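K.L.:
Questions regarding the structure given below will be posed in turn.
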Amino acid sequence: MDLESVIKVLNLKVRSGEDKLKTEVRGGYAGDLLSDVMANSKEGDLWITRQVHQNIVAVASLKEHAGIVLVQDSEPAKDTLEKAIKEGIPILVSELSGFEVTARIYNLLKKTD
Amino acid sequence: MDEKPLFDGSFSVVGGGNYDNAGEVSTSIKTILKKMGLPGDVVRKVALVSYEAEINIVSYARKGMIRLRVVSDRIMIEAIDEGQGIPDIELAMQPGWSTANQKTREMGFGAGMGLCNIKSFSDTFHISSEVGKGTHLKIIINTNSSSLQ
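Listed in order, the protein sequences are those of chains A and B.
Per the numbering used here, the first sequence starts with residue 334, numbered consecutively.
Per the numbering used here, the second sequence starts with residue 2, numbered consecutively.
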C-alpha cells in the first residue's frame, strides 16, 4: 500500500515529502527511544512517534522509513521540518493517539497483505 | 592491515550534548557505502553502528572522530573520543544502563542500548576507555567479498 493511500484513509496531514507519496509502506514501527527504533525498525516502515526534534529525520533517513507519523497533533519543530524537506522525508501528523494510529495502520496494512 | 583500502576517511563529531548535527556523520557514511555498491544488509549494519557511536560521542564526550576504512572483505569503524570516559565498561554494556541526563532522555536518547546495539551488529567489537580521557571503539563488519569486485 502506498503512502498516499494511508494518508487518505487516516486523514493524515502532510508536512513534508509531498513528492514521496507513492512510496510503498511495508510495515510500521511505534517507538520514542531512538536506539530502539534504529535497532528494530525496518526499511519501508512508517515510524510512529511523538518525538518532534530534528534528530528523527536522521533516524528515518538512515533506516529508509516510508515516513514519520507524529501523534496527537504534535507538530515537527522548525529545524525538523527544514531537515525533512532537505532529506526528502515525509512527516505526517495525526490527531490520534499512538495506540489508535498504530492499530489503524496495522489493520490497514494487514488487509492488503 | 596490508591491503590498500577501497576507502579510508575520518569524520569529526562535535560533542558536549550538541545534537544539532547528530546523525550527519553516519548519514555520510551510509551514502559512501551505498555508492560503493555494498549489499543492503551490510550498509544497514554499518549505518546503525556508526549512528550509535556518533550519538555516544555527542551525548557523553567533548568531541570525537569516526574513521571508516573499507577493504575487500570487511569494513572497519573506529570511534575515538575525548571526554569523561567510562568507569565501568561491563556496567555500560548492560542493556538499559545509562548515565544520560534528563534532556538527553526526553529526546529519546540515553536508553542504554547504544553499546549493546553496536556489539550485536558487529562481527568484532572492542572497547577501551580511560576515565578523564575518553573512549575508543573498534568495530569490524565482514562483507561478502564478491560484492566489492
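Yeah, the Cβ is synthetic: ideal placement off N, Cα and C, and Gly gets one too.
Keep in mind it's a predicted model, so treat the numbers as computed, not measured.
Would you give the residue range spanned by the alpha helix (DSSP H) that residue 376/A belongs to?
P.N.:
From DSSP, residue 376/A is part of no alpha helix (DSSP H); its letter is neither H nor E.
K.L.:
So is residue 98/B in contact with chain A if we call contact Cβ pairs under 8 Å?
P.N.:
At a cut-off of 8 Å between C-beta atoms, residue 98/B does not count as an interface residue with respect to chain A.
K.L.:
Could you pull out every unbroken beta strand (DSSP E) segment of at least 3 residues lying fully inside the region 42–122 of chain B, listed in chain order?
P.N.:
62–71 and 75–84
K.L.:
Within a Cβ cutoff of 8 Å, which residues of the same chain sit near residue 288/A, ignoring the five residues on either side of it in sequence?
P.N.:
In the structure as shown, chain A begins at 334 and stops at 446. Residue 288/A is therefore absent and cannot be evaluated.
K.L.:
Can the beta-carbon of residue 320/A be found less than 8 Å from the beta-carbon of residue 404/A?
P.N.:
The displayed coordinates of chain A run from 334 to 446. Any statement about residue 320/A would go beyond what the structure contains.
K.L.:
Identify the continuous beta strand (DSSP E) that holds residue 422/A and give its terminal residues.
P.N.:
Unbroken run through residue 422/A: none, as it is neither H nor E.
K.L.:
Does the pairing of the region 359–375 of chain A with the region 104–124 of chain B give three or more beta-carbon distances under 8 Å?
P.N.:
yes
K.L.:
From the DSSP output, read off the bridge partner residues of residue 126/B.
P.N.:
In DSSP, residue 126/B forms a bridge with 140/B.
K.L.:
Determine the burial state of residue 89/B: buried for a count of at least 16 other Cβ atoms within 10 Å of its Cβ, exposed for fewer.
P.N.:
exposed
K.L.:
Considering residue 15/B, what are the terminal residues of the beta strand (DSSP E) in which it resides?
P.N.:
8–15
K.L.:
Measuring only between beta-carbons, confirm whether residue 27/B sits less than 8 Å from chain A.
P.N.:
yes
K.L.:
Since residue 388/A meets chain B, which of its residues come closer than 7 Å, beta carbon to beta carbon?
P.N.:
In chain order: 20, 23, 24 and 108.
K.L.:
How far does the beta strand (DSSP E) with residue 348/A in it reach, from first residue to last?
P.N.:
346–349
K.L.:
Assuming residue 8/B contacts residue 63/B under a Cβ cut-off of 8 Å, what Cβ separation, rounded to an integer in Å, is found between them?
P.N.:
With 8 Å as the limit, residue 8/B and residue 63/B do not qualify as a contact, their Cβ atoms being about 27 Å apart.
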